[in-house]
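Data block below; observations after.
Protein chains in written order, with our numbering: chain X, 1 to 121; chain E, 122 to 242.
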């Protein structure tokens, strides 16, 4: 039985790495991951799942091939399954990702920003 | 393809009812619901799913039969499948629930706080 309270601010104080999702909670097979992001990520998609971005601090832009969305603190966005996207943040931005366990941050695209998908903090 | 940005503050400005979850986004079969809560809810459990509470504003206490957890803004908690719980807020509190589509707010317990589980805003 999970009786823990997760405090996002406290969890962020435990790491400084960027583009390296840290799992803080799980509901059924869905994981909640904190990530520090800055600069440009890799173009990728997730073949089998939608993906949720919630901005906790800062500003995040998610580029699509023909458009983009900009998220500020207190805003969320769902990237649909199979749709190519590329997150970008001009300054460091703190986000909460919600996605199924095992989802790899770069999808099948690979590259040097690929991070382990199973790190709890 | 979902290209909308959900702003929690703006969505809360659209309703004042309490204990009446409003769906703002869906990822696969998982829904994100905004709720205003105040006072005591009904003891209940969810037989088939865990449930996530994230506090966006205010303070929420979740009572268990033999313990409780208190969540402030920027904190989250997972209520495990099948475990009886009762949310409580001394003053109005704004929360984000994450749970599978079709999850009823009172589980099988019923009562006058049971709300429709399919209202989008």
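Don't be surprised by glycine CBs; every beta carbon is placed ideally from N, CA and C.
Asked	Found
Helix, strand or coil for residue 122 of chain X per DSSP?	For residue 122 of chain X there is no data in the structure shown, the boundaries of chain X being 1 and 121.
Report the neighbours of residue 112 of chain X on chain E: residues whose CB is nearer than 7 angstroms to its CB, in chain order.	Neighbours of residue 112 of chain X on chain E: none; closest Cβ ~27 angstroms, over 7 angstroms.
What residue from E:215, E:229 and E:220 has the CA that sits closest to residue 182 of chain E's CA?	E:215
Do you know offhand how far residue 81 of chain X's Cα is from residue 44 of chain X's?	11 angstroms
Check whether the Cβ of residue 196 of chain E lies closer than 8 angstroms to any Cβ atom in chain X.	yes
With 16 as the cutoff for other CB atoms within 10 Å, does residue 223 of chain E come out buried or exposed?	exposed
Of all the options X:109, X:74 and X:41, which has the alpha carbon lying nearest to the alpha carbon of residue 20 of chain X?	X:41
Taking 8 angstroms as the limit between beta carbons, can you name the residues of its chain near residue 11 of chain X, skipping five residues before and five after?	22, 24, 34 and 121
Counting only C-beta atoms, is residue 90 of chain X closer than 8 angstroms to chain E at any point?	no
If I'm right that residue 198 of chain E touches residue 5 of chain X with Cβ under 8 angstroms, what's the distance once you round it to whole angstroms?	5 angstroms
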